[in-house]
Amino acid sequence: MTYQNYTITLPDSVAARLSVAADAQGITVAAMIRNLALEADAPPTAPEMIEHLRLALSPALAMARDWDDLQARLIKRGFELRPDGAGLRLHSRFDGRAVCDSTELGYTYGQLVRRFCAPMPGHAKQMRRILKPKLERSGRSAGALALMETRARRFDAKRGATKKAARAQDADDLWNIFEPM
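Shown next, in the form of structure tokens:
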């Protein structure tokens, strides 16, 4: 990609606000302007297209048994779900472009977590507050909750903690499963 230089004249108040906004995002003013230009250039997803996607993807979303199954079904149709803040976004597999939020397809991240009894692998929000009561009501609380927390800790360990600390935590979790309540 080649770049061109532009010089623009802005009032001091606008330049200051632009600088503060860029600093808040941890990027330069030039990067912020590039991002805004790219977002403005991207065509918005039309409501008709979202309705078409909802109809086309509803069998995949409804029949999926877990996160891996859901992603496999979506990939067959040229899409994938990716974490986006506290929710999920549908992305095109062909160009990686974000298409729409999962809520526009009729499914929130929380609904999918409840249904699959597990958070999405790699998602920053592990939804333990939703899963713990559900698992306790189902009678699977001790083992299932410990397994879910073990998986979450392993993922967290891969993100930064040492493997030794992760193995020690897994051993503690395993001991807690067999410990009488």
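Numbering of the sequence shown is given in this note's numbering, commencing with residue 17 and proceeding in unit increments.
Backbone N, C-alpha and C define an ideal beta-carbon position, used for all residues, glycine too.
Being a predicted model, the structure only gives us computed values, none of them experimental.
Per DSSP, reduced to three states, the secondary structure at Ala37 is helical.
Note on Tyr125: 16 or more other CB atoms within 10 angstroms of its CB, so buried under the neighbour-count rule. DSSP, reduced to helix, strand and coil, places Asp100 within a strand of the structure shown.
Going by DSSP, Asp85 is part of no beta strand (DSSP E) but of the alpha helix (DSSP H) stretching over 83-92. A straight line joining the alpha-carbon of Tyr123 with that of Asp111 spans about 23 Å. Within a 10 Å sphere around the beta-carbon of His68 sit fewer than 16 other beta-carbons, which makes this residue exposed.
About 7 Å separates the beta carbon of Leu73 from that of Phe95, a gap short enough to meet the 8 Å contact definition. Between Val45 and Ala53, the beta carbon gap of about 13 Å keeps them out of contact (Cβ cut-off 8 Å). Measuring C-alpha to C-alpha distances from Thr23 to each of Ile49, Ala88, Ala80 identifies Ile49 as the nearest. Contact between the region 128-140 and the region 81-99 is present: 3 or more CB-CB pairs across the two stretches fall below 8 Å.
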